[in-house]
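Undergrad:
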Amino acid sequence: MTRAIPLLLAPLFALALTTTTPARAQILIGQTAGFSGPVAAGVNETTAGAKLVIDAVNAGGGIDGEKIELISLDDAFQPKKAGENARTLITERKVTALFLTRGTPHTQAIMPLLTEFGVPLVGPSTGAMVLHEPVHPWLFNVRATYQREAERAVAHLNLIGVQRIGVIHVKDSFGADMFTGAQRGFTEAKLEPAFVSTFDRAKPDFGPVVAAAVKADPQAVLFIGSGTAVADGVKALRAQSVTAQVVTFSNNASGGFVEGLGANARGVIVTQVFPFERSIATGFVKDAMALAKAKNVSLTPAMLEGVAAARVLVAGLRRAPKPVTRDGLRRALEGIGRLDLGGLELGYSATDHTGLDFVDLSIIGAGGRFVR
Numbered sequence: 001m002t003r004a005i006p007l008l009l010a011p012l013f014a015l016a017l018t019t020t021t022p023a024r025a026q027i028l029i030g031q032t033a034g035f036s037g038p039v040a041a042g043v044n045e046t047t048a049g050a051k052l053v054i055d056a057v058n059a060g061g062g063i064d065g066e067k068i069e070l071i072s073l074d075d076a077f078q079p080k081k082a083g084e085n086a087r088t089l090i091t092e093r094k095v096t097a098l099f100l101t102r103g104t105p106h107t108q109a110i111m112p113l114l115t116e117f118g119v120p121l122v123g124p125s126t127g128a129m130v131l132h133e134p135v136h137p138w139l140f141n142v143r144a145t146y147q148r149e150a151e152r153a154v155a156h157l158n159l160i161g162v163q164r165i166g167v168i169h170v171k172d173s174f175g176a177d178m179f180t181g182a183q184r185g186f187t188e189a190k191l192e193p194a195f196v197s198t199f200d201r202a203k204p205d206f207g208p209v210v211a212a213a214v215k216a217d218p219q220a221v222l223f224i225g226s227g228t229a230v231a232d233g234v235k236a237l238r239a240q241s242v243t244a245q246v247v248t249f250s251n252n253a254s255g256g257f258v259e260g261l262g263a264n265a266r267g268v269i270v271t272q273v274f275p276f277e278r279s280i281a282t283g284f285v286k287d288a289m290a291l292a293k294a295k296n297v298s299l300t301p302a303m304l305e306g307v308a309a310a311r312v313l314v315a316g317l318r319r320a321p322k323p324v325t326r327d328g329l330r331r332a333l334e335g336i337g338r339l340d341l342g343g344l345e346l347g348y349s350a351t352d353h354t355g356l357d358f359v360d361l362s363i364i365g366a367g368g369r370f371v372r
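Heads up: the sequence shown is residues 1 to 372, going by full-length UniProt numbering.
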């Protein structure tokens, strides 16, 4: 993964922010996400992955002759704006479904609208437990939970003999949710955090965070936050000679995040919720690589989330009665007892909208590439 990746993906990013005008009827799918702001790199890559699938389906004739049109609006990673965009997409653009939203408080701002208007949301790009429990009848998760990621990270560190583990987390519902998973990991490992420090999402101040880390002298730090905030926080830690192993999470598994880390990238551990993006032994990845090659782009971990979410969306659209309606899509998704994405299986029912449970760890190696 190199600095050339964003340039290679630029054409797909541009497509993600525009609407097309197919000659045939369209199935309108709405997306609100932070195409600008601190998570822009990951959002652009994830959306580019989804577009690989959508473009391929449209090129093959669409869904019974109807092409899928993805209408993407920028909420700049602001929860209030995410809710406003979702309402616009539902009431004015008349989308059949919402898709691939980004952020925990952002998706929470949208959830009441799903029930109010009877609109399904497929593949929110967040692993918050509040999206899983209790089951929301209109929300269909694809990726694993944040709590599972954090729990797995603590277990891994303990397994390799690292016991002084600090936690830095953003002070919002995302940070609190992931911290719950980390606490479960600490309990299972019979450990206590070396320190716990928080920062504001809108205006992060890493002075107190760094001071807490310097005082605790941890061997490792779980850094729970998004995009540029984590990159800036790691820079602040290193500037004060805090050499602890940094572990962050799948919401930061993008080429843009690696670029943001700059000289501090090498050695940072990033959890992943999809298989290794260069593993041709996995059918899911092999298929995604073929789609990326056809567009002459390089596949990234973040793109795989978009690929998976789009494949689930398409599976629901194909199964839904025609013409596709909002409720028809919801019922079709709930009827998916088992869906094999190519070595990754998920299934939905009226009492289970969980999605996948895959979690792995990677480390940023030489040249900014994720290594497993």
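Ideal Cβ placement from N, Cα and C applies to all residues, glycine included.
#1: How would you write the range of the beta strand (DSSP E) that residue 73 sits in, first residue to last?
#2: Cα-Cα, which of 260, 71, 127 and 245 is closest to residue 274?
#3: Between which residues of its own chain and residue 286 is the CB-CB distance below 6 Å, once the five residues before and five after are set aside?
#4: Enumerate in chain order the residues of its own chain whose CB-to-CB distance from residue 196 is below 6 Å, with the five nearest sequence positions on each side excluded.
#5: Using a 10 Å radius around the Cβ and a threshold of 16 neighbouring Cβ atoms, would you call residue 21 buried or exposed?
#6: Judging by CA-CA distance, which residue of 51, 252 and 333 is the nearest neighbour of residue 348?
#7: When you compare only the Cα positions, how much space is there between residue 265 and residue 231?
#8: DSSP on residue 102, reduced to helix/strand/coil?
#9: Rounded to whole angstroms, what is the Cα-Cα separation between residue 297 and residue 303?
#10: In this structure, how does DSSP classify residue 147 when only helix, strand and coil are distinguished?
#11: Since residue 169 sits in a beta bridge, which residues does DSSP pair it with?
#12: Determine the burial state of residue 182: buried for a count of at least 16 other Cβ atoms within 10 Å of its Cβ, exposed for fewer.
#13: Under the criterion of a Cβ to heavy atom distance below 7 Å, does residue 154 qualify as lining the ligand GTP?
#14: Closer than 8 Å is the cut-off here; do at least three beta carbon pairs connect the region 69 to 80 with the region 36 to 53?
#15: Please classify residue 140: does DSSP put it in a helix, a strand, or coil?
#16: I'd like to know whether the C-beta atoms of residue 185 and residue 210 end up nearer to each other than 8 Å.
#17: With 16 as the cutoff for other CB atoms within 10 Å, does residue 226 come out buried or exposed?
#18: I'd like the list of long-range same chain contacts for residue 85, defined as Cβ closer than 7 Å, with 5 residues on each side in sequence excluded.
#19: Is residue 203 buried or exposed, if buried means 16 or more other CB atoms sit within 10 Å of its CB?
#20: Taking the CB atoms as reference points, tell me whether residue 102 and residue 43 lie closer together than 8 Å.
#21: Are there three or more Cβ pairs, one per stretch, closer than 8 Å when the region 358 to 372 is compared with the region 256 to 272?
#22: Would you call residue 371 buried or exposed, if buried means 16 or more other Cβ atoms sit within 10 Å of its Cβ?
#23: Determine the DSSP secondary structure at residue 370, reduced to helix, strand or coil.
#24: Would the region 87 to 94 and the region 339 to 348 be scored as touching if the rule is three or more Cβ pairs under 8 Å?
#25: Give the straight-line distance between the Cα atoms of residue 369 and residue 45, rounded to the nearest whole angstrom.
#26: Would you call the CB atoms of residue 248 and residue 223 closer than 8 Å?
#27: Using the C-alpha atoms, what's the distance from residue 310 back to residue 237?
#28: Quick one: which unbroken beta strand (DSSP E) runs of 3-plus residues sit fully inside the region 341 to 371? Chain order, please.
#29: Whole angstroms is fine: what's the gap from residue 290's alpha carbon to residue 66's?
#30: Could you check which residue in 54, 35 and 26 has the C-alpha nearest to that of residue 313?
#31: Roughly how many angstroms lie between the CA atoms of residue 245 and residue 137, to the nearest whole one?
#32: Could you check how far apart the C-beta atoms of residue 218 and residue 148 are, in whole angstroms? I think they sit under 8 Å.
#33: Are residue 376 and residue 317 touching if we call contact CB-CB under 8 Å?
#34: Can you give the Cα-Cα distance for residue 158 and residue 140, rounded to whole angstroms?
#35: Can you find the residues in the same chain that come closer than 8 Å, C-beta to C-beta, to residue 351, ignoring five residues on each side of it along the sequence?
#36: Which ranges would you report for the beta strand (DSSP E) in the region 235 to 318 if only whole runs of at least 3 residues count?
TA: From the atom records:
#1: 67 to 74
#2: 127
#3: Residues 280 of the same chain have their beta carbon placed closer than 6 Å to that of residue 286, with the five preceding and five following residues left out of the count.
#4: 167, listed in sequence order.
#5: Low local confidence applies: a pLDDT of 41 at residue 21 is under 50, so the model's placement there is unreliable, and no value is given.
#6: 333
#7: 9 Å
#8: Reduced to three states, the DSSP call for residue 102 is strand.
#9: 11 Å
#10: helix
#11: 198 and 224
#12: Burial check for residue 182: the Cβ neighbour count within 10 Å reaches 16 or more, so the residue is buried.
#13: In the structure on display, the ligand GTP does not appear, and there are no ligands present to speak of.
#14: Counting Cβ pairs under 8 Å, three or more are found: they touch.
#15: strand
#16: no
#17: buried
#18: 32, 73 and 75
#19: exposed
#20: yes
#21: yes
#22: exposed
#23: Residue state, collapsed to three classes: strand.
#24: They do not touch, by the three-pair rule.
#25: Those two C-alpha atoms are separated by around 15 Å.
#26: yes
#27: 38 Å
#28: Taking 3 residues as the shortest admissible run, the region 341 to 371 contains the following complete beta strand (DSSP E) segments, listed from N- to C-terminal end: 360 to 364.
#29: 24 Å
#30: 54
#31: 40 Å
#32: Rounded, the Cβ-Cβ distance is 23 Å, inconsistent with contact.
#33: With the chain covering only 1 through 372, there is no way to say anything about residue 376.
#34: 33 Å
#35: Taken in chain order, the residues that qualify are 135.
#36: Complete beta strand (DSSP E) runs here, min 3: 245 to 248 and 269 to 272.
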